[in-house]
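A short write-up of the structure that comes next.
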Amino acid sequence: MAILNTETQSDTPGTAALGDALRHLQQALQGWRSSGALQTAIEQSFDADRQAGVTDAVDRFLANESRPDISWWKAPDPSIHGAYLAEADTILLNQALETDSAALHAVLLEEFGHWLDDQAGNGDSVGDEGERFSARLRGESVQPTADHDDQGLVLWNGRAWAAEFAQLLGTYDTSGSAYGVVLSADGNTAYVADFSAGLVI
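See below:
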């Protein structure tokens, strides 16, 4: 599990850049839908019982009927590119991406994939569906991490939110039960105590 401190949220710089990124995403999705690449990516990225809901969510997004909120944020670590907060229906994008349009579009596409999976209803596709979705549409190899858990907590707007990430700080795999998760003072480290294994990392 990862816990990220995003309390130092940006004062929403580059709002126009976010609008441009959304328009770019819509145009790209329309092209991929016309070529058939979008349907192939959906079939290869999301669990079979969620694909119809994902396709419906894409259609509503392209018809301007539904979309997630998007906000810049100051990530506690430069390797953390973005996060999707399902309960807030919000995509957070690392402010550093504002000057790197290629990375911005790739991360937005990944977090959009998380949003699509959330729109499909209760549950979550196995592994990192957003990473698979983004990589396949961009013609890149799917990384092994795409089959790993991509979830954690984000401290944002005064509370902790469940999130799906575009690249985690790290993962901790154990057969035991994690408990006593504590965020360090600098906001960059989460200490996880595992009862069964008797470990604290």
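Under the working numbering, the first residue of the sequence shown is numbered 5, with each subsequent residue one higher.
We put the beta carbon where it would ideally sit given N, CA and C, even for glycine.
Run of the alpha helix (DSSP H) containing residue i, from where it starts to where it stops
i	result
I46	41 to 49
R142	Element bounds for R142: n/a, residue is neither H nor E.
R54	Unbroken run through R54: none, as it is neither H nor E.
Residues sharing a beta bridge with residue i, DSSP
i	result
W77	N98
W119	Answer is none; W119 lacks a bridge partner.
Range covered by the beta strand (DSSP E) that runs through residue i
i	result
A87	86 to 89
R163	163 to 170
V158	155 to 160
Rounded distance between the beta-carbons of residue j and residue i, thought under 8 angstroms
i	j	result
T59	S75	Not a contact, Cβ separation roughly 26 angstroms.
S129	R54	6 angstroms
Q48	R136	7 angstroms
H213	N98	This structure cannot settle anything about residue 213, because the visible part of the chain is limited to 5 through 205.
L96	A90	No, L96 and A90 are not in contact; Cβ-Cβ is about 12 angstroms, not under 8 angstroms.
Nearest-angstrom Cα separation, counted from residue j out to residue i
i	j	result
T175	F169	Confidence at T175 is low in this model, with a pLDDT of 35, below 50, so the placement of that residue should be treated as unreliable; the coordinate-derived value is given next. Computed Cα separation, rounded: 12 angstroms.
A92	L159	12 angstroms
A32	A167	25 angstroms
L101	A79	11 angstroms
L29	H109	7 angstroms
W77	L157	15 angstroms
A41	S70	22 angstroms
E114	R163	24 angstroms
R140	A106	15 angstroms
E68	Q123	One detail in the question is off: residue 68 reads as Asn in this sequence, not Glu. Rounded to the nearest angstrom, the two C-alpha atoms are 15 angstroms apart.
I46	G35	15 angstroms
V111	R142	11 angstroms
L120	S83	23 angstroms
A21	G134	21 angstroms
S138	A56	18 angstroms
Contact test: residue i Cβ vs the ligand MG heavy atom, cutoff 8 angstroms
i	result
Q99	The ligand MG is not part of the structure shown, which contains no ligands of any sort.
Proximity winner among the options, relative to residue i (alpha-carbon distances)
i	options	result
D51	L26, D132, A21	D132
V62	Q155, V146, G127, S38	S38
A25	Q155, D73, I46	D73
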